[in-house]
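Some notes on the structure that comes next.
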Amino acid sequence: MKERILAEAERLFWKFGVRSVTMEEIAKQLGISKKTIYQHFSDKEQILYQVIQHKTSRNQSEMDCMVTDTANPVEEILNVLNMMQKNADQVSPNLLMDIKRYYPQAFSLFRQYKEGQIMRSILENIQKGILQGLYRADMNPAILARLRVEQIELAFNHDLFPSDQYSMHDVQAELIHHFVRGMLTEKGFEVYNQYVNKGKEIQPIIYENK
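Heads up: the sequence shown runs through residues 826 to 1035, numbered per the numbering used here.
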């Protein structure tokens, strides 16, 4: 029952944001009483905290497998984009802002994940790309990794990217493609264009290093 509650809460939080989802709504969707939920969780923030624990753990496992299965750092970072985009349009733009403003313990957990695992993964990707000649050697990997980490939160900023004008899918795609292209060498662009063209369902666009 606890796992069912967490799974349904995650679905509702991601779709509608956290503040708008009540304990009554979670109970209603599961066909149980609020009392049953309170037997497992003291309040909504405790549910949210454990949802984020589970979600970040799953994400990290996926990313670790991705690193093992990909041929190079360019493919790796673009596969991360594909992972993010799977359910991008099903994620409420209010999600992260709700957590940041109203649920400090849960947001602290997200920040730990962002500053630890995500930051380390991006930094390692950049360093590998430089060693393989796919990324420029004249960059500061720590600064670029920090930039990419902050872009994750930036995509959820409703003031910058209102949901009635921009989809989460498009925002994430523009940010990460811009980020990757700024790092590529000529050799890196060859790999990048192969990957992008392979994934095009319509006529491909060839990006050139200018």
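Every residue gets a Cβ at the ideal spot worked out from N, C-alpha and C, and that includes glycine. Please read all numbers here as calculations on a predicted model, not as lab measurements.
Identify, in the order they occur along the chain, each residue of the same chain with its Cβ nearer than 8 Å to the Cβ of residue i, setting aside the five sequence neighbours on each side.
{"i": "T895", "result": "E901 and N904"}
{"i": "E850", "result": "L837"}
{"i": "R971", "result": "M944"}
{"i": "I977", "result": "K939 and I943"}
{"i": "A980", "result": "F986, M993, V996, Q997 and L1000"}
{"i": "W839", "result": "N912, Q915, V916, S917 and L920"}
{"i": "A832", "result": "none"}
What's the C-alpha gap between residue i and residue j?
{"i": "A834", "j": "D963", "result": "45 Å"}
{"i": "V899", "j": "S858", "result": "48 Å"}
{"i": "S882", "j": "L934", "result": "12 Å"}
{"i": "L855", "j": "V843", "result": "17 Å"}
{"i": "M891", "j": "H1002", "result": "18 Å"}
{"i": "S946", "j": "E975", "result": "14 Å"}
{"i": "G941", "j": "Y927", "result": "22 Å"}
{"i": "K788", "j": "A852", "result": "Lying before the first or after the last residue shown, residue 788 is absent from the chain, which here runs from 826 to 1035."}
{"i": "R936", "j": "Q990", "result": "27 Å"}
{"i": "M922", "j": "D984", "result": "11 Å"}
{"i": "E949", "j": "L906", "result": "16 Å"}
{"i": "L873", "j": "S845", "result": "13 Å"}
{"i": "E1033", "j": "F841", "result": "Since pLDDT at E1033 reaches only 45, below the 50 mark, its modelled position is unreliable, and the value read off the structure follows with that caveat. Distance between the alpha carbons of E1033 and F841: 39 Å."}
{"i": "K1023", "j": "N884", "result": "25 Å"}
Indicate whether at least one CB of chain B lies closer than 8 Å to the CB of residue i.
{"i": "N904", "result": "Included in the structure is just one protein chain, with no chain B present."}
Compare the beta carbon distance of residue i and residue j with 8 Å and say whether it is the shorter of the two.
{"i": "M848", "j": "K869", "result": "yes"}
{"i": "M908", "j": "L969", "result": "no"}
{"i": "K939", "j": "F932", "result": "no"}
{"i": "K827", "j": "H865", "result": "yes"}
{"i": "R961", "j": "T1010", "result": "yes"}
{"i": "V1021", "j": "N897", "result": "no"}
Spatial neighbours of residue i within its chain, please: C-beta separation below 7 Å, excluding the five flanking residues on both sides.
{"i": "Q952", "result": "P966"}
{"i": "S988", "result": "P918"}
{"i": "K880", "result": "E835"}
{"i": "Q875", "result": "L831"}
Once you ignore the five residues that flank residue i on each side, which residues in its own chain have a CB closer than 6 Å to its CB?
{"i": "F1004", "result": "R973"}
Among the options, which residue has its Cα nearest to the Cα of residue i?
{"i": "I877", "options": "L920, K853, N907 and Q910", "result": "L920"}
{"i": "S867", "options": "I830, V892 and V1016", "result": "I830"}
{"i": "Q871", "options": "Q937, V996 and P929", "result": "P929"}
{"i": "L959", "options": "N982, I947, L906 and R1006", "result": "R1006"}
With a threshold of 16 other CB atoms inside 10 Å of the CB of residue i, please say whether the residue is buried or exposed.
{"i": "G1013", "result": "buried"}
{"i": "S886", "result": "exposed"}
{"i": "G954", "result": "buried"}
{"i": "L956", "result": "exposed"}
{"i": "N982", "result": "exposed"}
{"i": "Y863", "result": "exposed"}
{"i": "Q1028", "result": "Because Q1028 carries a pLDDT of 35, less than 50, the predicted location of this residue cannot be relied on, and the following value inherits that uncertainty. Its Cβ having fewer than 16 others within 10 Å, Q1028 is exposed."}
{"i": "Q1051", "result": "Residue 1051 lies beyond the stretch modelled for the chain, which goes from 826 to 1035, so this question has no answer here."}
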